[in-house]
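Visitor: First the structure, which I've put down as structure tokens, then a few questions once you've had a look.
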Amino acid sequence: MNAPRVDRLVAASEGSRYAAVIMAARRARQLNNYHHQLGEGTFDESPPPLVETRSKNYLTIALEEIAQGKIQPANR
-17 MNAPRVDRLV AASEGSRYAA VIMAARRARQ LNNYHHQLGE GTFDESPPPL VETRSKNYLT
43 IALEEIAQGK IQPANR
């Protein structure tokens, strides 16, 4: 993985690598659902990508969103 840097991801996720992994996994699943629902026309729980990227990989898109501050950690 060339970008985003791990230190930026950890900083955006309240200093926890575990939180960064959980956030990225949840968002990647949302992006996967969004792309599968494109043909159906229902987007209830799956918002579109929040960043412009050339990547087609859902996990990479999720990591870029976290690094840019588009995704915030969930309240506990």
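Just so we're aligned: the sequence shown equals residues -17 to 58 in this note's numbering.
For each residue, glycine too, the CB sits at the ideal point set by N, CA and C.
1) From the DSSP output, in three-state form, read off residue 50 for me.
2) On the criterion of 16 or more Cβ atoms from any shown chain inside 10 Å, does residue 36 qualify as buried, or is it exposed?
3) Considering residue 19, what are the terminal residues of the alpha helix (DSSP H) in which it resides?
4) Taking only the alpha-carbon atoms, compute the straight-line gap between residue -8 and residue 22 and give it to the nearest angstrom.
5) Using C-beta distances below 6 Å, list every residue in its chain close to residue 17, excluding the 5 sequence neighbours before and after it, in chain order.
Guide: Judging by the given coordinates:
1) Here residue 50 sits in coil by DSSP.
2) exposed
3) Taken as a continuous stretch (DSSP letters only), residue 19 belongs to no alpha helix (DSSP H), as it is neither H nor E.
4) Residue 22 has its alpha-carbon roughly 36 Å from the corresponding atom of residue -8.
5) none
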